[in-house]
Amino acid sequence: MKAILGAGTDWEDDEEDLSGDEMLAKVLRSRGKQKNLSFYAFTATPKAKTLELFGHRGKSGKPEAFHTYSMRQAIEEGFIKDVLRNYTTYSTFYRLVKAVEDDPNVPKKKATKSLAKFMSLHPYNIAQKTEVIIEHFRQHIAHQLGGEAKAMVVCSSRLHAVRYMRAFQKYIKEHGYKEISPLVAFSGSVKDDESGQEEAFTEPQMNIDVVSGQPISEKQLPERFDSPDYNVL
45 MKAILGAGTD
55 WEDDEEDLSG
65 DEMLAKVLRS
75 RGKQKNLSFY
85 AFTATPKAKT
95 LELFGHRGKS
105 GKPEAFHTYS
115 MRQAIEEGFI
125 KDVLRNYTTY
135 STFYRLVKAV
145 EDDPNVPKKK
155 ATKSLAKFMS
165 LHPYNIAQKT
175 EVIIEHFRQH
185 IAHQLGGEAK
195 AMVVCSSRLH
205 AVRYMRAFQK
215 YIKEHGYKEI
225 SPLVAFSGSV
235 KDDESGQEEA
245 FTEPQMNIDV
255 VSGQPISEKQ
265 LPERFDSPDY
275 NVL
């Protein structure tokens, strides 16, 4: 009751350190459960904690979602495309040369993950994949949808996104391709020690508008990518 009415100096002092969302949550807790209020959580990748909090106990006794709108159903109803219909895999072969004399013992799983990351970020590997992606887009995709087809390159990390963007820009410039213009999307800033650039990379810094020559802000990015000026993200 004290929280609801807002009476009491101590409570008011406490609220000075709370954000708006925290304030609302505190008021709701003070009121308790309401019969006319329901809370729903929507997620494409529910974690165990999310299911435990918002789900219900299924026949197996484990927490389950109340309802699942599957990818298959969304594809059948035309809301999303079936990206696996033309899915193609590429086998990657590489050889790593040991540069140290000693042979330290390291955890296999951790070492394998580190080596795979090193390989995936290697300039030669990125350059080879960049060529495949761009040439495939030029020859098989760009002419579709009345010449307005677009492509998205999904990267495994923000650093990968930065390096692929730079590789795309380099390859496009070297081959004089005027019909391909990429944009990159990632949050925050990314420091790449091997880039030769001291300051960190940001979206606006890497996305220079081909029309105005000015940096494209994160807010402007969706609209600019939707325009005919860009076709790869």
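Quick note: the sequence shown uses our numbering, first residue 45, plus one each step.
We treat Cβ as the ideally placed atom computed from N, Cα and C, and that holds for glycine.
Can you tell me the Cα-Cα spacing of residue i and residue j, whole angstroms?
i	j	result
Met196	Lys222	18 angstroms
Ser158	Asn169	15 angstroms
Leu81	Tyr113	23 angstroms
Val254	Lys173	24 angstroms
Trp55	Leu68	For Trp55, the pLDDT reaches just 49, beneath the cut-off of 50, and the residue's location in the model is therefore unreliable, although a value from the coordinates is still provided. Between Trp55 and Leu68, the C-alpha separation is close to 14 angstroms.
Glu267	Asp273	11 angstroms
Ala47	Lys79	Note that Ala47 has pLDDT 47, beneath the 50 cutoff, so the model's placement of it is unreliable and no number is given.
Buried or exposed: where does residue i fall if 16 or more other Cβ atoms within 10 Å of its Cβ makes it buried?
i	result
Arg129	exposed
Arg101	exposed
Val228	buried
Asn251	buried
Ser225	buried
Leu49	The pLDDT assigned to Leu49 is 44, lower than 50, so where the model puts this residue is not dependable; a value taken from the coordinates is nonetheless given after this. Exposed is the call here.
I need the boundaries of the alpha helix (DSSP H) containing residue i, first residue and last residue.
i	result
Thr156	Lys152 to Ser164
Phe86	That residue, Phe86, is in no alpha helix (DSSP H); it is neither H nor E in DSSP.
Val71	Gly64 to Arg75
Ile178	Pro167 to His180
Arg210	Arg202 to His219
Glu243	No alpha helix (DSSP H) holds Glu243; DSSP gives it neither H nor E.
Is the beta carbon of residue i less than 8 angstroms from the beta carbon of residue j?
i	j	result
Ile260	Phe212	no
Glu247	Phe230	yes
Met42	Tyr138	What is shown of the chain runs 45 to 277, which leaves residue 42 out entirely.
Val71	Lys194	no
Gly99	Glu108	yes
Leu203	Leu165	yes
With respect to 7 angstroms, is the separation between the Cβ of residue i and the closest non-hydrogen atom of the ligand PLP below this value?
i	result
Arg116	The model depicted lacks the ligand PLP and carries no ligand whatsoever.
When the Cβ atoms of the segment 233–249 are set against those of the segment 197–208, are three or more pairs found closer than 8 angstroms?
yes
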